[in-house]
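In this note's numbering, the protein residues as written are 3 to 292.
Take a look at the structure set out below.
Written out as structure tokens, the structure is:
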């Protein structure tokens, strides 16, 4: 039986902080416990925010923590053809449509809908897509695309859920409300999620499931902030015929204000802590792994 495969997948859009250290160390600990393999994936699709110096800092910080990973490292920016193929497969199933509203226009539509009462929001608190682009005639879609209008490619969630139902996942960790074991997926709670944009050929939801399948990842160790997104990931896995990994969501390291750490919080940045003389062993103790 092949060894289990784990992955740590940061974005090089800032410096790593204690929250990243916690997740990376949990993955590395699982690798040592199981005799598994650890992959490092650089999620650098956002070309406007991702920078080479941040990628270099990721390698430096992880090595300082004593974490070892397999090479070569997978960079999403080098794998666009994989995401394009997945998107084309979903399109062939009739599950993808272009939506042309700007963010400001969507905000206005939501405000108009809420004149009649609260508009539904996804598990992250963002309003569900309120537009009607899915009903545009094909000729009008073609005209708008030909005109150069910006657009987002969205998943027709209702149609997708009609094709695949009864999805679950095996949760070895714990959800925000204590969910464990076999968890029922609720992708419909997310509405018509974005799979790609005109200027960005994939989204987090699409690229992460494609990457995990192509890299044969068997156990995903990640923060509870992505627990509910697993419902969308399970749906995409089923639609694309991808393998289903096991999930182990962990609690988040939070700041003194109770909020999830951000890359702008220098007080928890690994580079700053290292410069202050903090040791890797002390980092483990700080995040509760000592």
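The C-beta atom is built at its ideal place from N, Cα and C for all residues, glycine as well.
Three-state secondary structure assigned by DSSP to residue 222: strand
Runs of beta strand (DSSP E) wholly within the region 75-104 (minimum 3 residues, chain order): 98-101
Option in 144, 194, 229 with minimal Cα separation from residue 186: 229
Residue 60 - DSSP class collapsed to helix/strand/coil: If DSSP states are grouped into helix, strand and coil, residue 60 belongs with the helices.
Residues near residue 240 by beta carbon distance below 7 Å, same chain, minus five either side: 166, 169
Length of the line joining the Cα atoms of residue 127 and residue 64: 32 Å
Local conformation of residue 30 per DSSP, three classes: helix
C-beta contact flag for residue 46 and residue 13 at 9 Å: yes
Whether residue 238 touches residue 207 by CB criterion (9 Å): yes
The alpha helix (DSSP H) enclosing residue 151, as first and last residue numbers: First-last for residue 151: undefined, no H or E at that position.
Residue span of the alpha helix (DSSP H) that contains residue 235, given as start and end: 232-242
Contacts around residue 146, its chain only, beta-carbon distance under 6 Å, and the 5 residues preceding and following it disregarded: Around residue 146, the same chain offers 102 as residues with beta carbons nearer than 6 Å, after the five sequence neighbours per side are excluded.
Inter-residue Cα distance where the pair is residue 164 and residue 197: 18 Å
Euclidean distance between Cα positions of residue 181 and residue 205: 26 Å
heavy atom of the ligand GDP below 8 Å from residue 184 C-beta: Among the components modelled here there is no ligand, and therefore nothing to report on the ligand GDP.
Expected contact under 8 Å - CB spacing of residue 88 and residue 254 to nearest Å: About 29 Å separates the two Cβ atoms, so there is no contact after all.
Through-space distance from residue 222 to residue 20, alpha-carbon basis: 19 Å
Opposing strand residues paired with residue 171 [DSSP bridges]: Bridge partners of residue 171: 185.
Selection from 11, 200, 264 that minimises the alpha carbon distance to residue 40: 11
Sheet register partners of residue 157 (DSSP bridge): 98
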